[in-house]
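Just add 8 to the spot in the sequence shown (first one is 1) and you have the numbering used here.
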Amino acid sequence: MELFDVYPLYNITPASARGVIIKDESGQEYLDLYGGHAVISIGHGHPHYIKRIKNQIDKIGFYSNAVHNPLQHELTEKLGRISGCDDYHLFLCNSGAEANENALKLASFHTGKSRVIAFKNSFHGRTSAAVASTDNPAINAPINRQQQVTFLTFEDIDALRKEVAKGDVCAVILETIQGVGGLDEPSSSFCAEIAELCKKHQVVLIADEVQSGFGRSGKFFAFQHHNITPDIISIAKGMGNGFPVGGILIHPKIEAKYGLLGTTFGGNHLACAATLAVLEVLEEENLMANATEIGAYFKECAKQVPQVKRIKGKGLMLGLEFGFEVADLRKNLILNQHIFTGSAKDKKVLRVLPALNIEKVHIDTFFTSLKQELE
Ligand SMILES: Cc1ncc(COP(=O)(O)O)c(C=O)c1O
Numbered sequence: 009m010e011l012f013d014v015y016p017l018y019n020i021t022p023a024s025a026r027g028v029i030i031k032d033e034s035g036q037e038y039l040d041l042y043g044g045h046a047v048i049s050i051g052h053g054h055p056h057y058i059k060r061i062k063n064q065i066d067k068i069g070f071y072s073n074a075v076h077n078p079l080q081h082e083l084t085e086k087l088g089r090i091s092g093c094d095d096y097h098l099f100l101c102n103s104g105a106e107a108n109e110n111a112l113k114l115a116s117f118h119t120g121k122s123r124v125i126a127f128k129n130s131f132h133g134r135t136s137a138a139v140a141s142t143d144n145p146a147i148n149a150p151i152n153r154q155q156q157v158t159f160l161t162f163e164d165i166d167a168l169r170k171e172v173a174k175g176d177v178c179a180v181i182l183e184t185i186q187g188v189g190g191l192d193e194p195s196s197s198f199c200a201e202i203a204e205l206c207k208k209h210q211v212v213l214i215a216d217e218v219q220s221g222f223g224r225s226g227k228f229f230a231f232q233h234h235n236i237t238p239d240i241i242s243i244a245k246g247m248g249n250g251f252p253v254g255g256i257l258i259h260p261k262i263e264a265k266y267g268l269l270g271t272t273f274g275g276n277h278l279a280c281a282a283t284l285a286v287l288e289v290l291e292e293e294n295l296m297a298n299a300t301e302i303g304a305y306f307k308e309c310a311k312q313v314p315q316v317k318r319i320k321g322k323g324l325m326l327g328l329e330f331g332f333e334v335a336d337l338r339k340n341l342i343l344n345q346h347i348f349t350g351s352a353k354d355k356k357v358l359r360v361l362p363a364l365n366i367e368k369v370h371i372d373t374f375f376t377s378l379k380q381e382l383e
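So, in structure tokens, the structure goes:
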């Protein structure tokens, strides 16, 4: 058998990793400023993370959601406290797409409606309603196009008003910092307008925090930079620092009912142990403050690079916009400078999404290398 060939690969084979450094088979080191699509939040191979998962698998790694799992309660309590969303309820699943799928499904159950409002350049995953709410026709199969989704532009309040007033919208799904799209952000006033219109028309407001959550923006959730209260918050990526885990936080106004949502693997013992370890390290090492501090330092350094047209993002969810497409620059950073960065749908944006415990010295290394490649 061969692998189904859907990924264009760089010719690199990571063999081990610690913190923000990845080593390949030949011992060559790479500086990881991308975390495998914003997944590595507390650094590769964090000792506390390794210990927590090892200890857990020695006891029990998995059982289904038909029996008690005290780790889920420990996680719910800790996540509620650290995120400031203590009054929400938690449903655990396995990935970002699955989180959004459950969020959209719940919104539809709750409102009895089915049309979704999403935004231009959004990315919410590759399955069913999540991919239909993603602004990329190339990854929407005919079966997905049956979902009713309307894409609006950030700041177009008139269009938003007009669409929600039609009465058939179940959810507005929003990244307050767009990830894959290229780090665009709605204004606080537009966010407030969305929240108010959702409330007025009984529409569920979903904050997609799959990429921006778990401290990446310097606050636990990126929507917390704006004064809004989403009805559902979807999470994944940095939540497990590489362990596949996702979830949704659900406002208490949405009632649970047996059988409404469900999953075989979601909330298993190992996933809980991984997420608990991430939360413990985030708190213990004050990583949200570090994300803010290092993010600000990164922006200062970026200002010294004349080819950078715009610096985008918050905390350690960052993008550098150039006047040219960055595919070659990204490739040269990897192959010549041994630094991983990311691309975006906006081809002129280079994305930087390092672990939240990255240090200034790594940012210095990046800018020295970037300048060399831009010479
Ligand atoms: C904002 C956002 N939502 C959802 C997803 C989908 O997550 P996953 O790849 O875990 O399904 C992504 C992945 O990049 C994302 O950035």
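Glycine included, every Cβ here is placed at the ideal spot set by N, Cα and C.
Quick caveat: nothing in here was measured; it's all calculated off a predicted structure.
Pairwise C-alpha distance: residue j and residue i
i: D13; j: G246; result: 26 Å
i: E333; j: K261; result: 45 Å
i: K342; j: Y18; result: Going by the sequence as given, residue 342 is Ile instead of Lys. For I342 and Y18, the distance between alpha carbons rounds to 9 Å.
i: K356; j: L326; result: 13 Å
i: V360; j: Y42; result: 6 Å
i: F330; j: I347; result: 18 Å
i: D164; j: G92; result: 30 Å
i: Y71; j: G104; result: 22 Å
i: A46; j: A111; result: 21 Å
i: K67; j: V253; result: 20 Å
i: V124; j: S141; result: 7 Å
i: L287; j: G323; result: 17 Å
i: P22; j: I48; result: 14 Å
i: Q186; j: N73; result: 33 Å
i: S195; j: K59; result: 42 Å
i: I228; j: M9; result: A small correction: the amino acid at residue 228 is Phe; Ile does not occupy that position in the sequence shown. Cα to Cα, the separation comes out at about 43 Å.
i: F251; j: G44; result: 12 Å
i: T237; j: A203; result: 7 Å
i: Q36; j: T373; result: 16 Å
i: S220; j: L290; result: 15 Å
i: G27; j: E293; result: 13 Å
i: N77; j: G69; result: 11 Å
i: K379; j: L364; result: 24 Å
i: A138; j: A244; result: 14 Å
i: A179; j: L168; result: 12 Å
i: E383; j: K307; result: 20 Å
i: C199; j: I151; result: 31 Å
i: E263; j: V75; result: 21 Å
i: V212; j: D176; result: 12 Å
i: E4; j: A285; result: Examination of residue 4 is not possible in this model, given that the chain is present from 9 through 383 alone.
i: G267; j: Q154; result: 25 Å
Segment limits, alpha helix (DSSP H) that includes residue i
i: S91; result: P78 to S91
i: A74; result: Unbroken run through A74: none, as it is neither H nor E.
i: V289; result: H277 to E292
i: S24; result: Element bounds for S24: not the alpha helix (DSSP H) but the beta strand (DSSP E), P22 to R26.
i: L378; result: K368 to L382
i: H132; result: Counting along the chain, H132 falls outside any alpha helix (DSSP H), and DSSP gives it neither H nor E.
i: K113; result: G104 to T119
i: F198; result: S196 to K208
i: V172; result: I165 to V172
i: D336; result: A335 to L343
i: A137; result: S136 to A140
Endpoints, beta strand (DSSP E) assigned at residue i
i: P55; result: Taken as a continuous stretch (DSSP letters only), P55 belongs to no beta strand (DSSP E), being part of the alpha helix (DSSP H) at P55 to K67.
i: E37; result: E37 to D40
i: D32; result: I29 to D32
i: L358; result: V357 to V360
i: L326; result: M325 to F330
Sequence-distant residues of the same chain with beta carbon closer than 8 Å to residue i, five excluded per side
i: I20; result: D32, Y38 and I342
i: A335; result: S351 and K355
i: I371; result: I302, Y305, F306 and C309
Paired residues, beta bridge with residue i - DSSP
i: S242; result: D216 and I256
i: H97; result: I258
i: K311; result: Partner(s): none; K311 has no beta bridge.
i: I125; result: T158 and V180
i: L268; result: For L268, which the question treats as bridged, DSSP gives no partner whatsoever.
i: K320; result: G327
i: F229; result: F229 pairs with nothing; no bridge assigned.
i: H52; result: G27
i: I147; result: Paired residue(s): none; I147 is not in a bridge.
i: F348; result: D40
Residue i: CB within 7 Å of a non-hydrogen atom of ligand 3
i: A244; result: In terms of ligand content, the structure shown lacks ligand 3 and carries ligand 1 instead.
Cβ neighbours of residue i in the same chain (closer than 7 Å, five flanking residues each side left out)
i: D216; result: N108, H132, I181, L182, E183 and S242
i: N129; result: D143, Q186, G189, G190, D192 and K353
i: Q64; result: H277, L278 and A281
i: T158; result: R123, I125 and E171
i: T349; result: L41, Y42, R338, L341, L358, R359 and V360
i: N148; result: V139 and A140
Close beta carbons around residue i, own chain, < 6 Å, minus the five adjacent residues each side
i: T84; result: L98
i: I30; result: P22, Y38 and D40
i: N102; result: P252, G254, F273 and G274
i: T135; result: A105 and E109
Exercise for review: Would you be able to state if there are at least three C-beta pairs under 8 Å between the stretch 105 to 116 and the stretch 80 to 97?
Suggested key: Pairwise C-beta distances place the stretch 80 to 97 out of contact with the stretch 105 to 116, as fewer than three of them are shorter than 8 Å.
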